[in-house]
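>
Protein chains: 2
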Amino acid sequence: MKKIEGGINAAKGFWANGIAAGIKKRKKDLALVVSQKSCTFAGSFTTNLVKAAPVLWDQMLVKESDSVVALVVNSGNANACTGKRGIEDTRLMAEITAQAISPLGYPARKEQVLVCSTGVIGVPLPMETVEKGILWCTENLRDDIEAGSDAAQAICTTDTFSKEIAVEVEIGETMVRIGGMAKGSGMIHPNMATMLSFITTDAQIGKATLQSLLKESVVDSYNMISVDGDTSTNDTVLVLANGMSDCPFIDEQSPYFETFKEAFMFVHTHLAKAIVRDGEGAGKFIEVTVEGAKDKATAQNLARSVVSSNLVKAAFFGSDANWGRILCAMGYSGSEFDPDAVNLSFSSAKGTIDVVKDGQPIAFDETKAKTILLEKEVSVYAEVGSGTGTGTAWGCDLSYEYVRINGDYRS
Amino acid sequence: MKKIEGGINAAKGFWANGIAAGIKKRKKDLALVVSQKSCTFAGSFTTNLVKAAPVLWDQMLVKESDSVVALVVNSGNANACTGKRGIEDTRLMAEITAQAISPLGYPARKEQVLVCSTGVIGVPLPMETVEKGILWCTENLRDDIEAGSDAAQAICTTDTFSKEIAVEVEIGETMVRIGGMAKGSGMIHPNMATMLSFITTDAQIGKATLQSLLKESVVDSYNMISVDGDTSTNDTVLVLANGMSDCPFIDEQSPYFETFKEAFMFVHTHLAKAIVRDGEGAGKFIEVTVEGAKDKATAQNLARSVVSSNLVKAAFFGSDANWGRILCAMGYSGSEFDPDAVNLSFSSAKGTIDVVKDGQPIAFDETKAKTILLEKEVSVYAEVGSGTGTGTAWGCDLSYEYVRINGDYRS
Numbered sequence: 030m031k032k033i034e035g036g037i038n039a040a041k042g043f044w045a046n047g048i049a050a051g052i053k054k055r056k057k058d059l060a061l062v063v064s065q066k067s068c069t070f071a072g073s074f075t076t077n078l079v080k081a082a083p084v085l086w087d088q089m090l091v092k093e094s095d096s097v098v099a100l101v102v103n104s105g106n107a108n109a110c111t112g113k114r115g116i117e118d119t120r121l122m123a124e125i126t127a128q129a130i131s132p133l134g135y136p137a138r139k140e141q142v143l144v145c146s147t148g149v150i151g152v153p154l155p156m157e158t159v160e161k162g163i164l165w166c167t168e169n170l171r172d173d174i175e176a177g178s179d180a181a182q183a184i185c186t187t188d189t190f191s192k193e194i195a196v197e198v199e200i201g202e203t204m205v206r207i208g209g210m211a212k213g214s215g216m217i218h219p220n221m222a223t224m225l226s227f228i229t230t231d232a233q234i235g236k237a238t239l240q241s242l243l244k245e246s247v248v249d250s251y252n253m254i255s256v257d258g259d260t261s262t263n264d265t266v267l268v269l270a271n272g273m274s275d276c277p278f279i280d281e282q283s284p285y286f287e288t289f290k291e292a293f294m295f296v297h298t299h300l301a302k303a304i305v306r307d308g309e310g311a312g313k314f315i316e317v318t319v320e321g322a323k324d325k326a327t328a329q330n331l332a333r334s335v336v337s338s339n340l341v342k343a344a345f346f347g348s349d350a351n352w353g354r355i356l357c358a359m360g361y362s363g364s365e366f367d368p369d370a371v372n373l374s375f376s377s378a379k380g381t382i383d384v385v386k387d388g389q390p391i392a393f394d395e396t397k398a399k400t401i402l403l404e405k406e407v408s409v410y411a412e413v414g415s416g417t418g419t420g421t422a423w424g425c426d427l428s429y430e431y432v433r434i435n436g437d438y439r440s
Numbered sequence: 030m031k032k033i034e035g036g037i038n039a040a041k042g043f044w045a046n047g048i049a050a051g052i053k054k055r056k057k058d059l060a061l062v063v064s065q066k067s068c069t070f071a072g073s074f075t076t077n078l079v080k081a082a083p084v085l086w087d088q089m090l091v092k093e094s095d096s097v098v099a100l101v102v103n104s105g106n107a108n109a110c111t112g113k114r115g116i117e118d119t120r121l122m123a124e125i126t127a128q129a130i131s132p133l134g135y136p137a138r139k140e141q142v143l144v145c146s147t148g149v150i151g152v153p154l155p156m157e158t159v160e161k162g163i164l165w166c167t168e169n170l171r172d173d174i175e176a177g178s179d180a181a182q183a184i185c186t187t188d189t190f191s192k193e194i195a196v197e198v199e200i201g202e203t204m205v206r207i208g209g210m211a212k213g214s215g216m217i218h219p220n221m222a223t224m225l226s227f228i229t230t231d232a233q234i235g236k237a238t239l240q241s242l243l244k245e246s247v248v249d250s251y252n253m254i255s256v257d258g259d260t261s262t263n264d265t266v267l268v269l270a271n272g273m274s275d276c277p278f279i280d281e282q283s284p285y286f287e288t289f290k291e292a293f294m295f296v297h298t299h300l301a302k303a304i305v306r307d308g309e310g311a312g313k314f315i316e317v318t319v320e321g322a323k324d325k326a327t328a329q330n331l332a333r334s335v336v337s338s339n340l341v342k343a344a345f346f347g348s349d350a351n352w353g354r355i356l357c358a359m360g361y362s363g364s365e366f367d368p369d370a371v372n373l374s375f376s377s378a379k380g381t382i383d384v385v386k387d388g389q390p391i392a393f394d395e396t397k398a399k400t401i402l403l404e405k406e407v408s409v410y411a412e413v414g415s416g417t418g419t420g421t422a423w424g425c426d427l428s429y430e431y432v433r434i435n436g437d438y439r440s
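Protein sequence lines correspond, in order, to chains G and W. Residues 30 to 440 (our numbering) are what the first sequence spells out, left to right. Residues 30 to 440 (our numbering) are what the second sequence spells out, left to right.
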């Protein structure tokens, strides 16, 4: 597997574009991704009981459609809490897109168009603007790197940078590509929160295999990140596979399954971590690894509890080696471990320092700890026993900036 | 029931004192409460897997002792993550207290002394200082209001004010008193977080009744408050009843049971709310009431999810009528309700404003909303259906100050 330049349209036969349609005041706000051949696809969605209209639409497609051809995404408006009108607007977005791309050589029914929206909630979509935007966006669909970047920019909201990734992996003797883009920022929490992540690949892979692979990937990537503990109404991960690489068909019995899976997981994990790095007001990227738990789920739950703790996050903001809050956060995670068996260390590019041994603090050099924790990327390593379960979660610090952004967002 | 002046030593036969023993640099840090007659008692403790030594001690007493005589509390050091030495130090604190008060007319074994500690974790107690402090503290035990206040001050950590309450209630023809003190501030979350709350009463009531009453009270008071979502290693609520009012004996069959229960709940709820008002860096007090849920537990869970949301809290900091975040927080609470049946309003001393009807936003006057939300005390009222379940939770906003306090705490 090799990282290559590019993003959502890096795989063969995927075209993309992103434009400023006018939903936001100035910035890009509408992205389109289409495939020359119809795609198998898979989706994973927010667990929030309050679901935006496009989430309901995509969930229906995942359940009822065999293939899709396009993905249309707007930012600036989430089309959430918009009632029947919201449902109708999502359907319209799919229909307009299908009608616009069909004459261009991408024949599609509306049930072959995935739709996502992100932005403010409770405000109906400006459909006239959206319609014009979709038509305009289709005119300049391209497979170059710049077009992928435009699309990646168009799905952003409060993101400070766009998030893209592409890899190449050999399946049999064929080079297969997997590309993706994501948006994140606020409300990122385990169980997927206001984040969108889209992956395309030219691998040949069935819908059921893709869905089961996605399910497994989500557990170890998006569900292991936390910015602020809130889970949104619009979170969506979608994967499209058009088979155009003509690689050997991939299923769970295929000799290439593990190779593909590894690359697929890499792309998801890369995008999940990029989302955290861009957490609202985040100044530090924090990786927490738990080892020695009785099983993987326990380790993951402990790690997640640490990156989700406001007190831990505030301590990282202050570059404070506050091991007590980490122990405490593991303690209330709901998962079992032996507090008296915990070993804890902090590390960064500046080195490693042990702070807890067998559940009790050990004397450590505070100056050295500060030097380590002042770095932008900091790791916590926690041994919690002699089990085989390990898990890693990613988060960020809690800053003044987070409070400022979120105190002001709507007003 | 009538509110009266006083606190932890308002009930007959309870004496108290609070002093600066030297565990903290300057402030009061050691409190003692003793009863002229031995007390029935009850306790409720943190659910954190990592439990401080005094929590383990008090849990053992609740399980194995029939009566207690005294309560000793130190602030400045939590005696948590201190291993075997911590366990021994707690036992010593009980023993020193028992030996110090016995000659003064409060005969006690160490198993009759409840112990609490709060403050930094992972540092052994300075036992010489603690011992001298206990001896000194016993010398000036009093039943006046000032002594109660001294005790209330001595249990504080980052609290900006001490929390006391006392009420008088007629049981049969006898006036019974219930008094209490609490400390809170950071890490306050449902399921009880770094908070201590102590209640004394001169009612005649059995240990089992007291324990079941306390269990019920905790659900509606301390478990319905949230400052920052973290649950600590030391949270404790203790109740002591010495029977010295000579009121009719209270049990669940007693005609006075409900009267006593009401006063008892009032005291707990008052202290819980005082803890939230003093949340670290809190500028606003937020009350969230959910009605129409299918049952009480559902309503309480929905209300708690709203007051615990960082995004909701940050919105209140910005006095922003961000109803979307409230809907969203209810949506990921894990409890069921019909999003399309939700009505939402904000209110304060400046009036009430409806913002959501049947799950969708309604046009409202943003200026009026701002005026309402700029108040120090703000209420959210959410109807979520036609069920009979109601629940109220209390929280505070998320401020720059919270981040500052918690970024700096240990260093």
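By construction, the Cβ of each residue, glycine as well, lies at the ideal position given by its N, Cα and C atoms.
Is the Cβ of Gly388(G) closer than 8 Å to any Cβ of chain W?
Gly388(G) counts as touching chain W.
> Would you mind sorting Thr167(G) into buried or exposed? The rule is 16 or more other CB atoms within 10 Å of its CB.
Buried: at least 16 other Cβ atoms inside 10 Å.
> Give every residue of the same chain whose Cβ lies closer than 6 Å to the Cβ of Ala45(W), excluding the five residues on either side of it in the sequence, and list them in chain order.
Correct list, in chain order: Ile37, Asn38, Val62, Ala176, Gly177 and Ala180.
> Tell me, please, whether the CB atom of Ile234(W) is closer than 8 Å to any CB atom in chain G?
Output row for Ile234(W): interface = no.
> For chain W, is any of its Cβ atoms less than 8 Å away from the one on Pro368(G)?
Closer than 8 Å to some Cβ of chain W, the Cβ of Pro368(G) qualifies, so yes.
> Report yes if the C-beta distance between Gly72(W) and Thr265(W) is below 8 Å; otherwise report no.
Contact: yes.
> Give me the residue from Asn271(W), Asp87(W) and Trp165(W) with the minimum Cα distance to Lys66(W).
Ranking the options by Cα distance to Lys66(W), first place goes to Asn271(W).
> For Thr327(W), which three-state DSSP category applies?
Three-state result, Thr327(W): helix.
> To the nearest angstrom, how far is it from the Cα of Arg55(G) to the Cα of Ala183(G)?
One C-alpha to the other measures close to 11 Å.
> Measuring CB to CB, does Lys192(W) end up less than 8 Å from Ile304(W)?
Taking 8 Å as the Cβ cut-off, Lys192(W) and Ile304(W) qualify as a contacting pair.
> I'd like the span of the alpha helix (DSSP H) that includes Gln476(G), first residue to last.
There is simply no residue 476(G) to check, as chain G begins at 30 and stops at 440 in what is shown.
> Check Leu239(G) in the structure and name its three-state DSSP category.
Note: Leu239(G) maps to helix in three-state DSSP.
> In terms of alpha-carbon separation, which member of Val79(G), Ala195(G) and Met210(G) lies closest to Asp188(G)?
Asp188(G) has its Cα closest to that of Met210(G), out of Val79(G), Ala195(G) and Met210(G).
> For a contact meaning CB atoms closer than 7 Å, what does Thr262(G) contact in chain W?
Residues of chain W passing the Cβ test: Cys357 and Gly360.
> Taking all protein chains shown into account, do 16 or more other C-beta atoms lie within 10 angstroms of the C-beta of Glu412(W), making it buried, or fewer, making it exposed?
That one is buried.
> Using DSSP with H/G/I as helix, E/B as strand and the rest coil, what is Trp423(W)?
The answer is strand: DSSP assigns Trp423(W) an E or B state.
> Tell me the DSSP secondary structure of Tyr410(W) in three-state form.
Looking at Tyr410(W) - three-state DSSP - the assignment turns out to be strand.
> At a Cβ threshold of 8 Å, is Gly424(G) touching chain W?
Cβ-Cβ to chain W under 8 Å: no for Gly424(G).
> On the DSSP letters alone, give me the boundaries of the beta strand (DSSP E) that Gln282(G) sits inside.
Element bounds for Gln282(G): n/a, residue is neither H nor E.
> So the alpha helix (DSSP H) Ile315(G) belongs to, where does it begin and stop?
Per DSSP, Ile315(G) belongs to no alpha helix (DSSP H); it is in the beta strand (DSSP E), Phe314 to Ala322.
> State the Cα-Cα distance for the pair Lys323(G) and Val335(G), rounded to the nearest angstrom.
Using only the alpha carbons, I get a separation of about 18 Å.
> Which one of Thr400(G), Pro277(G), Arg354(G) and Lys80(G) has the shortest CA to CA distance from Thr203(G)?
Ranking Thr400(G), Pro277(G), Arg354(G) and Lys80(G) by Cα distance to Thr203(G) puts Pro277(G) first.
> If contact is defined by three or more beta carbon pairs under 8 Å, each pair taking one atom from either stretch, is the segment 154 to 166 of chain W in contact with the segment 117 to 132 of chain W?
Output reads yes: the segment 154 to 166 of chain W touches the segment 117 to 132 of chain W.
> Give the DSSP-derived three-state secondary structure of Arg306(G) in the structure shown.
Helix.
> For Ile150(W), return the contacting residues in chain G, with the cut-off set at a CB-CB distance below 7 Å.
Neighbours of Ile150(W) on chain G, chain order: Gly353.
> Less than 6 Å between C-beta atoms, sequence neighbours within five positions excluded: which residues of the same chain meet that for Gln240(G)?
The answer, listed in chain order, is Ala71.
> In angstroms with no decimal places, state the Cα-to-Cα distance between Ala311(W) and Lys386(G).
Their Cα atoms are separated by approximately 35 Å.
> Between Tyr251(W) and Leu170(G), what straight-line distance do the alpha-carbon atoms span, to the nearest angstrom?
The alpha-carbon atoms of Tyr251(W) and Leu170(G) are separated by roughly 57 Å.
> How do the segment 124 to 142 of chain W and the segment 94 to 113 of chain W stand: do at least 3 beta-carbon pairs fall below 8 Å, yes or no?
Touching, yes.
> Apart from the five residues on each side of it in sequence, which residues of its chain come closer than 8 Å, Cβ to Cβ, to Thr288(W)?
If we look at Thr288(W) and ignore the five residues flanking it on each side, its Cβ neighbours are Met30, Val198, Glu199 and Ile200.
> In terms of DSSP beta bridges, what is Cys145(G) paired with?
Bridge partners of Cys145(G): Val102(G).
> Taking Ser348(G) as the reference, which of Lys302(G), Glu404(G) and Phe366(G) has the closest Cα?
Closest option to Ser348(G), Cα to Cα, is Glu404(G).
> Could you check whether Asp249(G) and Thr298(G) sit closer than 8 Å to each other, using their CB atoms as the reference points?
Cβ distance < 8 Å, so Thr298(G) and Asp249(G) count as in contact.
> State the Cα-Cα distance for the pair Ser153(G) and Glu365(W), rounded to the nearest angstrom.
The sequence given here places Pro at residue 153(G); Ser does not occur at that position. Going by the C-alpha atoms only, they are around 25 Å apart.
> Tell me where the alpha helix (DSSP H) around Leu402(W) begins and ends.
Counting along the chain, the alpha helix (DSSP H) containing Leu402(W) begins and ends at Glu395 to Leu402.
> Would you list, in chain order, the members of the segment 75 to 89 of chain G that have their beta-carbon closer than 9 Å to a beta-carbon of chain W?
Under the 9 Å Cβ criterion, the segment 75 to 89 of chain G contributes Thr75, Thr76, Asn77, Leu78, Val79 and Lys80.
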